[in-house]
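Below is one structure; the comments refer to it alone.
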Amino acid sequence: MVPDEALVRQSRQGSEEAFRLLVERYQAKIYNLAYRLLGNPEDASDLTQEVFCRVYVKLPAFRGEASLSTWVYRIANNLCLDELRRRGRRPQVSLDASLSGEQPPREVTSSDPGPAELSLRRASLARLQELIAALPLEQKTAVVLRDIQGLSYEEMAQVLGCSLGTVKSRLNRARRTLRDKLRAERELFLTDCVYNG
């Protein structure tokens, strides 16, 4: 695989093929980030295109102080924030998106778990996605960048433009909120089963 630095250099020299390879390398990750933050596939697709238009225009000014991936994520994050501010409303929640960023299968391909188990897994995943979507934007962004996109804490700090401690704090608060809400829902479910069951 050609390193990012070589592709940046070739792109700056006018190589359309090098830029195409950069887009291919980051397109799915940027789309996933945009989809997680905006909650709408069309908006995520539009924003992903806008990100790479900006990358193309600003690539000559890229200084390389951060990695290319961090720089591209930062552009994407800033455009997502701009879009959410423009909307002035909470992002939409999709129950079809998988946490891995890939499109979920529409049909069950494994015959191992039974229908009840599969139904429970889907409901649990859907609920977790709803809870992530309901987090405050800073916490949700931290969860998406770390737990879904796999960025390091240092990369997250650069993307978000904040300190390492702030990144860890946001992520810790988000995870604690998710854990507490899931625990409370589980206890409520078990209590309901005991008294009504």
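Residue numbers (our numbering): 286 to 482. Where a beta carbon is used, it is the ideal one built from N, C-alpha and C, also for glycine. Since this is a predicted model, take the numbers as computed values, not measurements.
May I have the straight-line CA-CA distance separating residue i from residue j, to the nearest angstrom?
i      : j      : result
Leu473 : Ala408 : 16 Å
Glu302 : Ala291 : 12 Å
Gln424 : Leu405 : 26 Å
Glu368 : Thr462 : 25 Å
Ala442 : Glu470 : 32 Å
Tyr341 : Gly435 : 24 Å
Arg412 : Pro421 : 16 Å
Glu350 : Leu410 : 38 Å
Ser395 : Glu415 : Only weak support is given to the placement of Ser395: the predicted model assigns it a pLDDT of 44, under 50, and the value that follows is read from those uncertain coordinates. About 25 Å.
Ile433 : Lys453 : 15 Å
Arg371 : Pro400 : 42 Å
Leu306 : Tyr320 : 22 Å
Phe304 : Gln298 : 10 Å
Gly450 : Ile315 : 24 Å
At what residues does the alpha helix (DSSP H) containing residue i begin and finish?
i      : result
Gln443 : 438 to 445
Pro326 : 326 to 343
Ala525 : Given a span of 286 to 482 for the chain in the structure shown, any question on residue 525 remains unanswerable.
Glu368 : 353 to 372
Glu290 : 289 to 297
Glu423 : 422 to 428
Is the beta carbon of residue j closer than 9 Å to that of residue i?
i      : j      : result
Ser296 : Leu344 : yes
Tyr311 : Glu440 : no
Val336 : Ala313 : no
Arg339 : Leu364 : yes
Ser352 : Asp289 : yes
Val287 : Phe347 : no
Arg431 : Leu467 : no
If contacts are defined as beta-carbon pairs under 8 Å, then residue i and residue j qualify, I think. What distance do you get, rounded to the angstrom?
i      : j      : result
Val444 : Thr333 : Contact doesn't hold; Cβ gap of about 16 Å is too wide.
Ala427 : Gly324 : Actually they do not touch by this definition, with Cβ atoms about 17 Å apart.
What do you reckon, is the C-beta of residue i under 8 Å from a heavy atom of the ligand PLP?
i      : result
Tyr358 : The ligand PLP is not part of this structure, which contains no ligands at all.
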